[in-house]
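Q:
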Amino acid sequence: MGNEYTVIGLHVIRSGPLALLQDAGRFGVRRLGVTQGGPADVHAWAWANHLAGNPWGTAALEITFGGLSLAVSRDLTLAVAGADLGATLDGEPLPLWQRVRVREGQRLTFDTPRCGLRAYLAVAGGFAAEPVLGSCACVVREGIGGHDGHGHRLAEGDDLRVSPRTPDVPAPHVPDEARPDYAAVSRLALLPGAQIADFHAASLHAAFNAEWRVDDRADRMGVRLRGPTLRCRIDTMISEGLGLGAVQVPPDGQPIALLNDRQTIGGYPRLGALTPLAAARLAQYVPGQTVHLVARSAERALSDYRRFRRRFS
Amino acid sequence: MVESKLPRIESAGLDGWLVRVFERIDERNLLWLTALSRRCEAAFGRALVDLVPSYTTLLVVFDPLQLSPSQARHRLVELLQELTPDEEGDGGQVSDLPTWYDTCVGPDLPRVADHAGLSIDQVIECHAGTTYRVFALGFAPGFAFMGLLDERLEVPRLETPRQRVPMNSVAIAGRQTAAYPAVTPGGWNLLGRTTARLFDRHRDGFSLLQVGDRVRFVPVDEETFESQGGDVTPMREDA
């Protein structure tokens, strides 16, 4: 974005625990051990950008847990979608899933999670950052991407550059079904994988019938689920490539759903892989919440995903 | 395992297929995996998102907006039917990694020597005497899993991984060896440190080592190591 017109759009007054710049993710370099990155909840990220009038792939802020306070450095159009983190604009509740016009000098603050875990803030025209390995997706563990190129989360005093633009289309309507209730018990769709038959019959039954609780060991690498112990005839395997949403089961029998910052290869047997939209939903769940796993056919998952993507093309 | 003939194409989610080509780790696997990777690049073109080769498998990630999983699978079936391995000696660069082997930067040399019943010098000679192949990259950007290590040096990982392994540490675990491209936690046994720049975001190709490459560790003394830009800061166990 080097020669594009960019200006400081927002200034970080208080950073909160984890706010990261994310475009669609880093692709084509996973063979080098570089992870995918990108928004943990692709659904809310895509809607935030769409509401702000941005094309698919534009970098937006992923705000986890809240705690972030931003000073508006110039007049901007923006949209916040995803979790309700108690966002306010100059102390007044900020409407979510809507296009909003903010003025220089105003203050945008995210408090704590009311419902869901991650909110996405998109600015019309997009945040501007130098791509690293083809993307500005921020991966803290690798020290790659983000607003500064070095994988740093936002910190107090940071200035965020934007390529401001006035959207040339009216704000789209967000249908009710596109605004998830992150507090509801969810059925996460999973495509069964190659080792599914290696799990004991009772474990397979449990996998798709038990209630799973989101463990507090949950981050952008993966989310551990707590429930009945799943037994597999395979303990470990020779390491192999891992896709987004892969649900691996280590010898302790507690599954881990792998998200955007997962390691690129791993050697535990897998139940299968969550669909991209199921992985996105899981990323909104707070520890202790209940989820169910449901088996889904590739055909159904494909038509769901293509319908989701069509809105944003 | 649900047994069927290899290669086998296994589901890896909505946007991926895992091609399982072999059951066991072997250098000769690379001749097939590198050939398969190249064929996938040609056959999938712009619909290809990522390829992740590793030891016995290749994960093929494609764009599900351009190809359905069944279309992608069909392409893989077709190209597997006419796949031929690369020639022995083909493909893969040869990299020499200048390495200072010393207990100061390789604190596990004595432990490995004890375990192997060798002197420290013999351990160094043995580690540096093999040309390794890169089987996979993973764990961190540019971290290359190389093998096979001489079986005399086969030592398990540390029981408690270190929180901070210095950048460029040369290490072994099991029948494998590696060099750490960045400071990370790690449980491998440290033998020394290299001057090679293993991962560089400004370099074409980014990673010095790629799957299929041949790698030699070349022992250098402290003076040479330092003059080549090596970091002589001793490993601190409390760090």
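Chains as they are written, first to last, in the numbering used here: chain L, 202 to 514; chain C, 453 to 691.
Ideal Cβ placement from N, Cα and C applies to all residues, glycine included.
The structure displayed is predicted, hence computed values, not measured ones.
Return the first residue and the last residue of the alpha helix (DSSP H) that PRO477(L) is part of.
A: Residues 477-483.
Q: Any heavy atom of the ligand ZN closer than 7 Å to the CB of GLN628(C)?
A: Questions concerning the ligand ZN fall outside what the structure shown contains, since it holds no ligand whatsoever.
Q: Checking the sheet assignment: what are the DSSP bridge partners for VAL586(C)?
A: DSSP lists MET598(C) as partners of VAL586(C).
Q: Got a sec: which bits of the region 484-507 of chain C sit with their beta carbon under 7 Å from any beta carbon on chain L, in order along the chain?
A: Hits within the stretch, in order: VAL501, ASP502, LEU503, VAL504, PRO505, SER506, TYR507.
Q: What does ILE477(C) reach in chain L if we use C-beta pairs closer than 8 Å?
A: Near ILE477(C) (Cβ distances below 8 Å), the residues of chain L are ILE439.
Q: Quick check on HIS212(L): does DSSP put it in helix, strand or coil?
A: If DSSP states are grouped into helix, strand and coil, HIS212(L) belongs with the strands.
Q: Should the region 270-286 of chain L be regarded as contacting the region 312-331 of chain L, the criterion being three or more beta carbon pairs within less than 8 Å?
A: The answer is yes - the region 312-331 of chain L touches the region 270-286 of chain L, with three or more Cβ pairs under 8 Å.
Q: Measuring only between beta-carbons, confirm whether VAL529(C) sits less than 8 Å from chain L.
A: By this cut-off, VAL529(C) is not an interface position.
Q: Below 8 Å on the Cβ atoms is my guess for ALA329(L) versus LEU391(L); work out the distance and round it to an integer in Å.
A: Going by Cβ atoms, the distance from ALA329(L) to LEU391(L) rounds to 37 Å, so no, they are not a contact pair.
Q: Give the single residue among ASP656(C), ALA494(C), VAL617(C), GLY664(C) whose Cα lies nearest to the Cα of ASP560(C).
A: When each option's Cα is compared against that of ASP560(C), the closest is VAL617(C).
Q: Among ARG563(C), TRP484(C), VAL586(C), which residue has its Cα nearest to the Cα of VAL575(C)?
A: Nearest option by C-alpha distance: ARG563(C).
Q: How should ASP566(C) be labelled, buried or exposed, when 16 other C-beta atoms within 10 angstroms of its C-beta is the threshold for buried?
A: Exposed, by the Cβ-count rule.
Q: Looking at the unbroken alpha helix (DSSP H) that takes in VAL324(L), where does it start and where does it end?
A: Not the alpha helix (DSSP H): VAL324(L) falls in the beta strand (DSSP E), residues 316-324.
Q: When burial is assigned at 16 or more other CB atoms within 10 Å of the CB, is HIS654(C) buried or exposed?
A: The residue is exposed, with fewer than 16 neighbouring Cβ atoms inside 10 Å.
Q: Identify the contact partners of SER659(C) in chain L, using a Cβ-Cβ distance below 7 Å as the criterion.
A: Chain L residues near SER659(C): LEU233.
Q: Nearest-angstrom Cα distance between LEU494(L) and LEU389(L)?
A: Taking the straight line from one Cα to the other gives about 5 Å.
Q: Quick check on the burial criterion: 16 or more other C-beta atoms within 10 angstroms. Buried or exposed for THR508(C)?
A: Classification of THR508(C): buried, given that the 10 Å Cβ count is 16 or more.
Q: Does SER621(C) come within less than 8 Å of chain L when only Cβ atoms are used?
A: With 8 Å as the cut-off, SER621(C) does not count as an interface residue toward chain L.
Q: Please go through the region 302-388 of chain L and give each complete beta strand (DSSP E) segment of 3 or more residues, from N-terminal end onward.
A: Counting whole runs of 3 or more residues, the region 302-388 of chain L contains the beta strand (DSSP E) stretches 308-310, 316-324, 360-363.
Q: Smallest Cα separation from ARG434(L): which of PHE409(L), ALA356(L), GLY428(L), LEU405(L)?
A: Taking only the C-alpha atoms, the option nearest ARG434(L) is LEU405(L).
Q: Going along the region 589-621 of chain C in order, which residues come within less than 9 Å of chain L, judged by CB to CB distance?
A: Flagged, chain order: LEU589, GLY590, PHE591, ALA592, PRO593, GLY594, PHE595, ALA596, PHE597.
Q: For GLU611(C), which of helix, strand or coil comes out of DSSP?
A: Three-state DSSP puts GLU611(C) in coil, outside helix and strand.
Q: Just the C-alpha distance for ALA484(L) and PRO240(L), rounded to the nearest angstrom, thanks.
A: Computed Cα separation, rounded: 9 Å.
Q: Run through chain L and tell me which residues come within less than 9 Å of ALA524(C), C-beta to C-beta.
A: Correct list: empty, because the minimum Cβ distance to chain L is about 10 Å.
Q: Looking at the secondary structure, which residues open and close the alpha helix (DSSP H) in which PRO452(L) lies?
A: No alpha helix (DSSP H) contains PRO452(L), which DSSP labels as neither H nor E.
Q: If you measure beta-carbon to beta-carbon, which residues of the region 495-514 of chain L are closer than 7 Å to chain C?
A: Here the close residues are ALA499, ALA502, LEU503, TYR506, ARG507, ARG510.
Q: Taking only beta-carbon atoms, is GLN449(L) less than 8 Å away from chain C?
A: Not one chain C Cβ lies under 8 Å of GLN449(L).
Q: DSSP state of GLN223(L), grouped into three classes?
A: Strand at GLN223(L).
Q: In whole angstroms, what separates the C-alpha of ALA356(L) from that of GLY350(L)?
A: Each residue's alpha carbon lies about 14 Å from the other.
Q: Beta-carbon separation of PRO365(L) and LEU277(L) under 8 Å?
A: Yes, these two residues count as a Cβ contact at 8 Å.
Q: Looking at the C-beta of VAL513(C), does it have a partner C-beta in chain L at a distance below 8 Å?
A: It does; some Cβ of chain L falls within 8 Å.
Q: Give a yes or no on whether 8 Å exceeds the smallest Cβ distance from ARG627(C) to chain L.
A: Not closer than 8 Å to any Cβ of chain L, the Cβ of ARG627(C) fails to qualify, so no.
Q: Using the three-state DSSP reduction, which class does PHE591(C) fall into: helix, strand or coil?
A: If DSSP states are grouped into helix, strand and coil, PHE591(C) belongs with coil.
Q: Would you say PHE409(L) lies against chain C (beta-carbon separation less than 8 Å)?
A: It does not; no Cβ of chain C falls within 8 Å.
Q: So if I threshold CB-CB distances at 8 Å, which residues from the region 202-232 of chain L count as touching chain C?
A: So the close ones are PHE228, GLY229, VAL230, ARG231, ARG232.
Q: Hey, out of GLU540(C), VAL473(C), GLU479(C), whose CA is closest to GLN533(C)'s CA?
A: Closest by alpha carbon: VAL473(C).
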